[in-house]
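In my numbering, the protein residues as written are 2 to 349.
Note that beta-carbon positions come from the ideal geometry of N, C-alpha and C, so glycine has one too.
Below is one structure, written out as structure tokens; comments come after it.
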Ligand SMILES: Cc1cc2nc3c(=O)[nH]c(=O)nc-3n(C[C@H](O)[C@H](O)[C@H](O)COP(=O)(O)OP(=O)(O)OC[C@H]3O[C@@H](n4cnc5c(N)ncnc54)[C@H](O)[C@@H]3O)c2cc1C
């Protein structure tokens, strides 16, 4: 097998990069071990939100990455023939008087996204939530149907013999004058999109990866309208399976990926305080986010090994910033005139 590019990992990073290369008619093969670790991409809320609702400010560069995300996901919808993205409002419940005042001060500054809830929305939520300090509204935010996207892209790749579902063993990968060789595959470049597993990658072992885990509950909440995302520190996001995703937390110190029962108890207590409707926990999921010190993205080619590249460090923003970054990386990989250096974090 002689593809130009060999991609390791088919979370959202590997999915978006392989889609960008496919759009450019480039030859590639993806290797993904579906059961290696829980994929962060399947545990994520997969929400694209341009507003930082803690400070009611806009997220840096939101115009660029949202435009790229909408174009990419709608292009994938067309290619795969399924719906992958849904625009909806997010209702943000203020936790105290100071938060309410901050929202009132900032609200008029960014009218394209930060809005006043309609009277009908206020009336509706007063019946469903205990809502002492009122709420603000971000509209639109976008929810990506992550499980459907990854599974449909995996089927698409398999149907074209572009996906090998097996564990990639880096000990069997050799650099050659033409690029890299792995078992029967020789490729010009290898791109590691392996998520949190990159911390063990010997090609990139000087990069400052950090460990971070996050979890979510999947809830059944009969009677809660599915046309909104609800935010109260924790977030309730309607999922395709008729459930609500509820998350999440950030833990930097851990030595396993078992569900944290304390976090679950606290989250259920918060839900009982906030939500007037009964709910049932259907599942509790955990994954490691691929993060770096300083929360920098890592995209580009190794400065000392031009046939080795990385797409990682997506942290909390894989679904939102991933499409724009995948395009940049694709340009770097395919256009010899583009700077190919690793961006985001320098190799020390
Ligand atoms: C609780 C939680 C909530 C989140 N919410 C959001 C959100 O609302 N919006 C947002 O944009 N982001 C969110 N994120 C972040 C997002 O999930 C990540 O940024 C993104 O999923 C990272 O994607 P990835 O492809 O780099 O890694 P992953 O999804 O982990 O994929 C890595 C892939 O590489 C494969 N792999 C690794 N090693 C090997 C090997 N040796 N051989 C073969 N395959 C291998 C793995 O099996 C996996 O398939 C959230 C994350 C968490 C945990």
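From the DSSP secondary-structure annotation, give me the bridge partner or partners of residue i.
i: residue 88; result: 143
i: residue 284; result: 219
i: residue 165; result: 32
i: residue 303; result: 306
i: residue 188; result: 181
i: residue 238; result: 246
i: residue 295; result: Per DSSP, none; premise fails for residue 295.
i: residue 289; result: 214
i: residue 116; result: 138
i: residue 206; result: None; residue 206 has no bridge partner.
Buried or exposed: where does residue i fall if 16 or more other Cβ atoms within 10 Å of its Cβ makes it buried?
i: residue 307; result: exposed
i: residue 281; result: exposed
i: residue 251; result: exposed
i: residue 118; result: buried
i: residue 253; result: exposed
i: residue 347; result: Unreliable positioning characterises residue 347 in this predicted model, as indicated by a pLDDT of 39, which lies under 50. The coordinate reading is nonetheless provided below. It is exposed - the Cβ of residue 347 has fewer than 16 other Cβ atoms within 10 Å.
i: residue 321; result: buried
i: residue 213; result: buried
i: residue 86; result: buried
i: residue 290; result: buried
i: residue 79; result: exposed
i: residue 33; result: buried
i: residue 283; result: exposed
i: residue 337; result: exposed
i: residue 100; result: buried
i: residue 208; result: buried
i: residue 266; result: exposed
i: residue 69; result: buried
i: residue 349; result: Note that residue 349 has pLDDT 30, beneath the 50 cutoff, so the model's placement of it is unreliable and the number below is only indicative. Counting Cβ neighbours within 10 Å, residue 349 comes out exposed, since fewer than 16 surround it.
i: residue 185; result: exposed
i: residue 22; result: buried
i: residue 255; result: exposed
Assuming contact is defined by CB atoms lying nearer than 8 Å, are residue i and residue j in contact in what I supplied?
i: residue 293; j: residue 314; result: yes
i: residue 91; j: residue 31; result: no
i: residue 38; j: residue 327; result: no
i: residue 246; j: residue 219; result: yes
i: residue 77; j: residue 114; result: no
i: residue 191; j: residue 7; result: yes
i: residue 14; j: residue 323; result: yes
i: residue 25; j: residue 331; result: yes
i: residue 193; j: residue 10; result: yes
i: residue 169; j: residue 311; result: no
i: residue 181; j: residue 172; result: no
i: residue 137; j: residue 183; result: no
i: residue 49; j: residue 153; result: no
i: residue 147; j: residue 47; result: yes
i: residue 358; j: residue 157; result: Since the displayed the chain opens at 2 and closes at 349, residue 358 lies outside it and no answer follows.
i: residue 166; j: residue 35; result: yes
i: residue 41; j: residue 288; result: yes
i: residue 285; j: residue 260; result: yes
i: residue 60; j: residue 52; result: yes
i: residue 224; j: residue 235; result: no
i: residue 333; j: residue 302; result: yes
i: residue 264; j: residue 216; result: yes
i: residue 74; j: residue 145; result: yes
Note the first and the last residue of the continuous alpha helix (DSSP H) segment covering residue i.
i: residue 322; result: 319–335
i: residue 171; result: Neither: residue 171 is in no alpha helix (DSSP H) and is coded neither H nor E.
i: residue 248; result: No alpha helix (DSSP H) contains residue 248, which is instead part of the beta strand (DSSP E) from 245–248.
i: residue 68; result: 63–81
i: residue 42; result: 41–44
i: residue 253; result: No alpha helix (DSSP H) holds residue 253; DSSP gives it neither H nor E.
i: residue 269; result: 262–275
i: residue 120; result: 120–129
i: residue 200; result: Unbroken run through residue 200: none, as it is neither H nor E.
i: residue 15; result: 13–24
Since residue i is in the beta strand (DSSP E), which residue starts that stretch and which ends it?
i: residue 7; result: 6–9
i: residue 101; result: Not the beta strand (DSSP E): residue 101 falls in the alpha helix (DSSP H), residues 98–107.
i: residue 231; result: 230–233
Answer yes if the stretch 60–75 comes into contact with the stretch 195–206, meaning at least three C-beta pairs across the two stretches below 8 Å, and no otherwise. no
Under 8 Å, with one C-beta from each stretch per pair, do the stretch 128–138 and the stretch 92–106 reach the 3-pair mark? yes
Do the stretch 237–244 and the stretch 219–228 make contact, defined as three or more Cβ pairs closer than 8 Å? yes
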